[in-house]
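Enquirer: Quick note: the sequence shown, position 74, residue 74 per full-length UniProt numbering, numbers continuous. C-beta atoms are modelled at their ideal positions from N, C-alpha and C, and glycine is treated no differently. Since the structure is predicted, the reported quantities are computational estimates derived from the model, not experimental observations. Provided herewith is a single structure, encoded as structure tokens, for subsequent inquiry.
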Amino acid sequence: MTTVSITDIQVLPLEVKIADRIAESNGSIQFVSQLKYQSPQLTSYRPFESPPTSDTLTIIQYTPELRSLIGPSPTHSLLLSTLTTSKNPFFHEACVYLPRTDELYLTSNLLQSSSASLYPTILISRLRLTRSPSSLLPNTIAKLDWAKLRPPPGIDMPNGGTAYREGILFCAQGSVVPGTGGIYYMPRTAPPQALVKGWYGREFNSVNDVVVTRDGGIWFTDPCYGFEQGFRRRPELPNQVYRFEPSTGECRVVAGEWERCCGICFSPDERRCYVTDTGMVHGDGTRDLMRPATIYVFDVVYEGGQPFLKGRRTFAFPTRGVPDGVRCDEQGNVYAGTGAGLEIWNEGGCLLGRIDVPGGKGIANFGFGKEGEIFLCGEQRLWVVHLDGGKVEERRRVEEEERRRVEREREEEAERRRVMEESEVD
Numbered sequence: 001m002t003t004v005s006i007t008d009i010q011v012l013p014l015e016v017k018i019a020d021r022i023a024e025s026n027g028s029i030q031f032v033s034q035l036k037y038q039s040p041q042l043t044s045y046r047p048f049e050s051p052p053t054s055d056t057l058t059i060i061q062y063t064p065e066l067r068s069l070i071g072p073s074p075t076h077s078l079l080l081s082t083l084t085t086s087k088n089p090f091f092h093e094a095c096v097y098l099p100r101t102d103e104l105y106l107t108s109n110l111l112q113s114s115s116a117s118l119y120p121t122i123l124i125s126r127l128r129l130t131r132s133p134s135s136l137l138p139n140t141i142a143k144l145d146w147a148k149l150r151p152p153p154g155i156d157m158p159n160g161g162t163a164y165r166e167g168i169l170f171c172a173q174g175s176v177v178p179g180t181g182g183i184y185y186m187p188r189t190a191p192p193q194a195l196v197k198g199w200y201g202r203e204f205n206s207v208n209d210v211v212v213t214r215d216g217g218i219w220f221t222d223p224c225y226g227f228e229q230g231f232r233r234r235p236e237l238p239n240q241v242y243r244f245e246p247s248t249g250e251c252r253v254v255a256g257e258w259e260r261c262c263g264i265c266f267s268p269d270e271r272r273c274y275v276t277d278t279g280m281v282h283g284d285g286t287r288d289l290m291r292p293a294t295i296y297v298f299d300v301v302y303e304g305g306q307p308f309l310k311g312r313r314t315f316a317f318p319t320r321g322v323p324d325g326v327r328c329d330e331q332g333n334v335y336a337g338t339g340a341g342l343e344i345w346n347e348g349g350c351l352l353g354r355i356d357v358p359g360g361k362g363i364a365n366f367g368f369g370k371e372g373e374i375f376l377c378g379e380q381r382l383w384v385v386h387l388d389g390g391k392v393e394e395r396r397r398v399e400e401e402e403r404r405r406v407e408r409e410r411e412e413e414a415e416r417r418r419v420m421e422e423s424e425v426d
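Structural data, given as structure tokens:
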């Protein structure tokens, strides 16, 4: 398909609103203050002179702890939009970043065929990124080349994905054709390879999300959305979470009793596993507010040399909609795409803040890029957010080490003087 090049990518500061949690808990949405983080470097590069547009993002801060994540000058850019063209939801899931090639891969939502007799389709988007050479805003995206790709044979109705070896693991939801669906490895320069397509003769429902742990285990969720949305056969299995061992071919059920298990991720030390349940939203788009819209957390324990998920408990409930994609950062904070946008909790389940996206529908998924970089999939729009909190923490660490070094030198110098004075007295 045709490649589209985008060069007019503006970098804008993120407005930060500090929520009044006491007022909100009493049913009133109020803000203590409103900040517009704007560094001198940003002002000299691309001034933020016009009022916020419908494409502008906003950070809602619930606790001061969020500041260490967002840093002093968070920014964002609208990378792509189909609002004024096809209005197709090309930016829905996967959101897999490959650092070696500086590429981003995404999957679309259902794209309806022009013929009523045909099933919907899903396309893959590949973005090749070009970084700004400017020292004022290093590593920001100055240009991108966007190509819409038809999924290769075997990867029917792709959804979630994750970086794997020299390519990507894709979740193939499958179609009405028997024998479709499963986990596929798509190298960058070779045809896709099926890793696991079913469970002891029974087909998966519609594999949704996947993550790989350091021991090589492939963990994935399998809800029934494909059947509910009319492109998959009737389910042969409950909605479950699985672990596949590539070295032996063993596929185990590791967690059951779900309404619709969806996103999955692990804490940095892999001692915790987070799984989202989007049971509130049915495949036809209807909602039942009494059903789960919840992030659950499990402890990862080993028995008989095998990992198990134990101690299931509620971790968090989003402020808007359902939690879909979920990921952890290196500090153990938990991020989820929700009906508001991107919501962020610390590892104790305390809501730190959220990044609100316009449109009222939030985001289904997102992905981490380079340091401090987060891509947000807003169906018809794709944003990138730059948070420099990690750099702030690194500077603080370096400054603290330098302070301690200076103190040690002063103490050592004071000790030398004391010893010299005592020797002179003697």
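If you drop the 5 nearest sequence neighbours on each side, which residues of the same chain put their C-beta closer than 8 Å to that of VAL32?
Expert: Result list for VAL32: ILE18, ALA19 and ASP20, in chain order.
Enquirer: List the whole-angstrom C-beta distance separating VAL384 from ILE70, where the pair is believed to meet the contact cut-off of C-beta under 8 Å.
Expert: So it is not a contact: roughly 14 Å between Cβ atoms.
Enquirer: For the beta strand (DSSP E) containing GLY161, name the first residue and the last one.
Expert: Counting along the chain, the beta strand (DSSP E) containing GLY161 begins and ends at 158-164.
Enquirer: Run the CB neighbour count on GLY216, radius 10 Å, all protein chains shown included, and call it buried at 16 or more, exposed below.
Expert: Exposed, since its Cβ has fewer than 16 Cβ neighbours within 10 Å.
Enquirer: Taking just the CA atoms, how far does TYR274 sit from ARG418?
Expert: Looking at the two C-alpha atoms, the distance is approximately 57 Å.
Enquirer: Looking at LEU104: is its Cβ nearer than 9 Å to the Cβ of PHE375?
Expert: Yes; because the gap between Cβ atoms is below 9 Å, this pair is in contact.
Enquirer: Taking a contact to mean a Cβ-Cβ separation below 9 Å, would you say residue 462 touches ARG188 in this structure?
Expert: This structure cannot settle anything about residue 462, because the visible part of the chain is limited to 1 through 426.
Enquirer: Quick check: what's the CA-CA separation for SER77 versus THR294?
Expert: So the alpha carbons of these two residues sit roughly 29 Å apart.
Enquirer: From PHE170 to TYR184, what distance separates their C-alpha atoms?
Expert: Going by the C-alpha atoms only, they are around 5 Å apart.
Enquirer: Using CA coordinates, which residue listed in GLY305, CYS377 and GLY321 is at the minimum distance from LEU57?
Expert: When only C-alpha atoms are compared, the closest one is CYS377.
Enquirer: Do GLY367 and VAL96 count as a contact pair if the criterion is CB distance below 9 Å?
Expert: Cβ atoms of VAL96 and GLY367: closer than 9 Å.
Enquirer: Looking at the structure shown, is PHE375 part of a helix, part of a strand, or coil, going by DSSP?
Expert: DSSP places PHE375 in strand when its eight states are reduced to three.
Enquirer: Could you check if ARG260 is buried or exposed, using at least 16 other CB atoms within 10 Å of its CB as the buried criterion?
Expert: Label assigned to ARG260: buried.
Enquirer: Report the CB separation of ILE264 from THR221 in whole angstroms; it is logged as a contact under 8 Å.
Expert: So it is a contact: roughly 5 Å between Cβ atoms.
Enquirer: Buried or exposed for ILE122, please, with buried defined as at least 16 other CB atoms from any protein chain shown within 10 angstroms of its CB.
Expert: By the 10 Å Cβ count, ILE122 comes out buried.
Enquirer: To which residues does DSSP link ALA194 through a beta bridge?
Expert: Answer by DSSP bridge pairing, in chain order: TYR184.
Enquirer: Excluding five sequence neighbours on each side, which residues of the same chain lie with their C-beta closer than 8 Å to the C-beta of GLY27?
Expert: So no residue of the chain qualifies.
Enquirer: Taking ALA316 as the reference, which of THR276, PRO307 and VAL16 has the closest Cα?
Expert: Checking every option, the nearest Cα to that of ALA316 belongs to THR276.
Enquirer: Is the segment 342-351 in contact with the segment 281-294, if contact means three or more CB pairs nearer than 8 Å?
Expert: No: the two stretches stay apart, fewer than three of their Cβ pairs being nearer than 8 Å.
Enquirer: So for GLU93, helix, strand or coil by DSSP?
Expert: Three-state result, GLU93: strand.
Enquirer: Considering only the alpha carbon of each residue, which of ASP209, PRO178 and TYR164 lies closest to PRO192?
Expert: For the residues ASP209, PRO178 and TYR164, the minimum Cα distance to PRO192 belongs to TYR164.
Enquirer: Near VAL392, which residues of its chain fall below 7 Å by C-beta distance, leaving aside the five closest residues on each side in sequence?
Expert: With a pLDDT of 47 at VAL392, under the threshold of 50, the modelled position of that residue is not reliable, and the figure given next carries that caveat. Cβ neighbours of VAL392 beyond the five flanking positions: SER68, GLY71 and PRO72.
Enquirer: Would you tell me roughly how many angstroms separate the C-alpha atoms of LYS310 and GLU270, rounded to the nearest one?
Expert: Looking at the two C-alpha atoms, the distance is approximately 13 Å.
Enquirer: How is SER247 classed by DSSP in three states: helix, strand or coil?
Expert: Here SER247 sits in coil by DSSP.
Enquirer: Of the residues GLU65, LEU237, THR130 and VAL207, which one's Cα is nearest the Cα of ILE9?
Expert: Considering only alpha carbons, the answer is THR130.
Enquirer: For CYS350, does the count of other Cβ atoms within 10 angstroms reach 16, so buried, or fall short, so exposed?
Expert: Flag for CYS350 reads exposed.
Enquirer: Determine the burial state of ALA255: buried for a count of at least 16 other Cβ atoms within 10 Å of its Cβ, exposed for fewer.
Expert: Under this definition ALA255 is a buried residue.
Enquirer: Can you name the start and end residues of the beta strand (DSSP E) that GLY367 belongs to?
Expert: Element bounds for GLY367: 365-368.
Enquirer: Between which residues of its own chain and VAL4 is the CB-CB distance below 7 Å, once the five residues before and five after are set aside?
Expert: So the qualifying residues of the chain are TRP146.
Enquirer: How big is the Cα-Cα spacing for GLU421 and ARG405?
Expert: One C-alpha to the other measures close to 24 Å.
Enquirer: Assuming ASN208 contacts GLU379 under a Cβ cut-off of 8 Å, what Cβ separation, rounded to an integer in Å, is found between them?
Expert: The pair is not a contact, with the Cβ atoms about 17 Å apart (cut-off 8 Å).
Enquirer: Per DSSP, PRO13 forms a beta bridge with which residues?
Expert: DSSP lists THR75 as partners of PRO13.
Enquirer: Within 10 Å of its beta-carbon, does MET186 have 16 or more other beta-carbons around it, so buried, or fewer, so exposed?
Expert: Result: buried.
Enquirer: To the nearest angstrom, how far is it from the Cα of GLN38 to the Cα of ILE29?
Expert: Low confidence applies to GLN38: its pLDDT is 46, below 50, so where it sits in the model is not reliable, and the reading given next is rough at best. Each residue's Cα considered, the two are about 25 Å apart.
Enquirer: When the Cα atoms are used, what is the spatial distance from THR75 to LYS197?
Expert: If you take the alpha carbons of THR75 and LYS197, they lie about 41 Å apart.
Enquirer: Can you give, in chain order, each stretch of the beta strand (DSSP E) that sits fully within the segment 104-145 and has at least 3 residues?
Expert: Qualifying beta strand (DSSP E) stretches, in chain order: 124-131.
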